[in-house]
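What follows is a set of notes on a single structure, which appears directly below.
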Amino acid sequence: MASEPVRTRGARSAEPSEHTEEPPGAVSTLTRVLRRPEVGAAVAAVAVFAFFAAMTRTFLTPGGVATWLDSAALFGIMAIAVALLMIGGEFDLSAGTMVGSTGLIVGILTTHSGVNVWLAVVLALAFALLVGAGNGLLVMRTGLPSFIVTLGTFFVLQGLNLAVTKALIGQVAVQGLDRVPGFYDVKWIFGSTVAAFGTVFQVSIAWWIGLAAVATWILLRTRAGNWIFAVGGAQTSARQVGVPVLTTKVGLFMTTAAAGWLAGMLQLFRTSTVQASTGVGQEFVYIICAVVGGCLLTGGYGSAIGAALGALIYGMTYQGIVFAQWDNNWLKTFLGVMLLAAVLVNTYVRRRAEVSR
Numbered sequence: 000m001a002s003e004p005v006r007t008r009g010a011r012s013a014e015p016s017e018h019t020e021e022p023p024g025a026v027s028t029l030t031r032v033l034r035r036p037e038v039g040a041a042v043a044a045v046a047v048f049a050f051f052a053a054m055t056r057t058f059l060t061p062g063g064v065a066t067w068l069d070s071a072a073l074f075g076i077m078a079i080a081v082a083l084l085m086i087g088g089e090f091d092l093s094a095g096t097m098v099g100s101t102g103l104i105v106g107i108l109t110t111h112s113g114v115n116v117w118l119a120v121v122l123a124l125a126f127a128l129l130v131g132a133g134n135g136l137l138v139m140r141t142g143l144p145s146f147i148v149t150l151g152t153f154f155v156l157q158g159l160n161l162a163v164t165k166a167l168i169g170q171v172a173v174q175g176l177d178r179v180p181g182f183y184d185v186k187w188i189f190g191s192t193v194a195a196f197g198t199v200f201q202v203s204i205a206w207w208i209g210l211a212a213v214a215t216w217i218l219l220r221t222r223a224g225n226w227i228f229a230v231g232g233a234q235t236s237a238r239q240v241g242v243p244v245l246t247t248k249v250g251l252f253m254t255t256a257a258a259g260w261l262a263g264m265l266q267l268f269r270t271s272t273v274q275a276s277t278g279v280g281q282e283f284v285y286i287i288c289a290v291v292g293g294c295l296l297t298g299g300y301g302s303a304i305g306a307a308l309g310a311l312i313y314g315m316t317y318q319g320i321v322f323a324q325w326d327n328n329w330l331k332t333f334l335g336v337m338l339l340a341a342v343l344v345n346t347y348v349r350r351r352a353e354v355s356r
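Everything in the sequence shown is counted per numbering that gives the first Met the number 0, starting at 0 for the first residue and increasing by one.
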């Protein structure tokens, strides 16, 4: 029975199955559109884009576009991974600190221990995957909420980032990575730029778009995608029909940790410096982007494209406020309003879609 996919796909769960006796054309096009988790985020993204395009001229210049796309990309990479985990019914509050942890590992190993930069990058990835697997196993073996387990991991990593870094190098920041042999060979992958339209675009944008495409394909076209929706929407039923629940959830935690490693490398090889506080507090932004993109806090529903759009909204707002020369503290207010609005709109749209069946 393990080979039978579980039909609990979040974006498609409301659609009639192949065995449903429903006359052709009974489901309207509008209803099908409303059932998509990313619809609300797409509408909000258009509204935010139009608002800041009208408020400031800088927003639509090539340099302005490159700036808010890059900001969205760095958050979007993490938001996509967090969205996959949330669809699987779990949370990871250590995602933000993982960005700083992996950057510090590479920085310390290369600048103070003479480790080859390629080897340091691989070791940082191995560390991230190990922590992710540990989170997943603790959640599954103990039955504790992932919120509690990863909150503990958050504090452990934050303490290690500060204490170990200070003990090893006497400060809480690593600098001068650009003087390490081989730095620019790795920078080509994680920190390069592309010149276009009179400005430069960061390679992080390509990573973001690529990951959104791969994650969407996995969710909608593979057995693993079925498993992710299944363990988030009906874990007991999924286990009964042979879905590898433990493997799926541990894999999702490892994916989130790996995304933290990638975000850490993108920031590290762009600036050649990293601080112990890097990434701290950003885990809530990732969750907000995922929720705005249509993910439910209860699991079993959401999309990678929606999370990418949620990050795009955040990136446009973050830079739009700067371009408009407003007080940057308004960003926090916007995040809170955006989160509440997204939850209310997503709930309303789903109910309307279900009633319209």
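Glycine included, each C-beta is placed from N, C-alpha and C at the ideal position.
query, result
"Give the range of the alpha helix (DSSP H) segment to which Q234 is assigned.", "Q234 to Q239"
"Which residue's Cα is closest to the Cα of K186: V155, V116 and I86?", "V116"
"In its own chain, which residues sit with a C-beta less than 7 Å from the C-beta of A25, not counting the 5 before and 5 after it?", "Because the pLDDT at A25 is just 49, under 50, the model does not fix this residue reliably, and the point stays unresolved."
"L308 and I204 look like a contact to me (Cβ under 8 Å); what is the Cβ gap, rounded to whole Å?", "Going by Cβ atoms, the distance from L308 to I204 rounds to 14 Å, so no, they are not a contact pair."
"What ranges does the alpha helix (DSSP H) occupy inside the segment 89-153, keeping only unbroken runs of at least 4 residues that lie completely in it?", "94-111 and 116-141"
"Classify A258 as helix, strand or coil using the three-state DSSP reduction.", "helix"
"Q201 bridges to which residues according to DSSP?", "T192"
"Using a 10 Å radius around the Cβ and a threshold of 16 neighbouring Cβ atoms, would you call D91 buried or exposed?", "buried"
"Rounded to whole angstroms, what's the CA-CA distance from G301 to L295? Just pull it up for me.", "7 Å"
"Out of I107, F322 and V284, state which residue places its alpha-carbon closest to the alpha-carbon of L167.", "I107"
"Buried or exposed, going by whether 16 or more other CB atoms sit within 10 Å of the CB of L129?", "exposed"
"Kindly indicate which three-state DSSP category I170 falls into: helix, strand or coil?", "The sequence shown places Gln at residue 170, not Ile. Correct three-state label for Q170: coil."
"Assign G158 to buried or exposed, taking buried as 16 or more other Cβ atoms, counted over all protein chains shown, within 10 Å of its Cβ.", "exposed"
"Can you tell me where the alpha helix (DSSP H) with W67 in it begins and where it stops?", "P61 to I86"
"For V273, list the residues DSSP reports as bridge partners.", "V173"
"Using the three-state DSSP reduction, which class does P23 fall into: helix, strand or coil?", "Since pLDDT at P23 reaches only 47, below the 50 mark, its modelled position is unreliable, and the value read off the structure follows with that caveat. Coil at P23, not helix or strand."
"If I'm right that V105 touches G259 with Cβ under 8 Å, what's the distance once you round it to whole angstroms?", "Wrong, their Cβ atoms sit about 13 Å apart, outside the cutoff."
"Going by DSSP in three states, T332 sits in which element: helix, strand or coil?", "helix"
"With the cut-off set at 8 Å, would you say W419 and I76 are in Cβ contact?", "The displayed coordinates of the chain run from 0 to 356. Any statement about residue 419 would go beyond what the structure contains."
"Where does L156 fall in DSSP's three states?", "helix"
"Identify, in the order they occur along the chain, each residue of the same chain with its Cβ nearer than 7 Å to the Cβ of T255, setting aside the five sequence neighbours on each side.", "A80, V81, L84, D91, A94 and G131"
"Quick check on the burial criterion: 16 or more other C-beta atoms within 10 angstroms. Buried or exposed for N160?", "buried"
"On the three-pair Cβ rule with 8 Å, is the segment 56-67 touching the segment 244-254?", "no"
"For S100, count neighbouring Cβ atoms within 10 angstroms of its own Cβ and tell me buried if that reaches 16, exposed if not.", "buried"
"Note down the Cα distance separating P23 from V120, rounded to an integer number of angstroms.", "At P23 the pLDDT is 47, less than 50, meaning the model places this residue with poor confidence and gives no usable figure here."
"Consult DSSP for G209 and reduce its assignment to one of helix, strand or coil.", "helix"
"Report the option in T96, T110 and T247 whose CA atom is closest to the CA atom of S271.", "T110"
"Quick one: is R34 buried, meaning 16 or more other Cβ sit within 10 Å of its Cβ, or exposed?", "buried"
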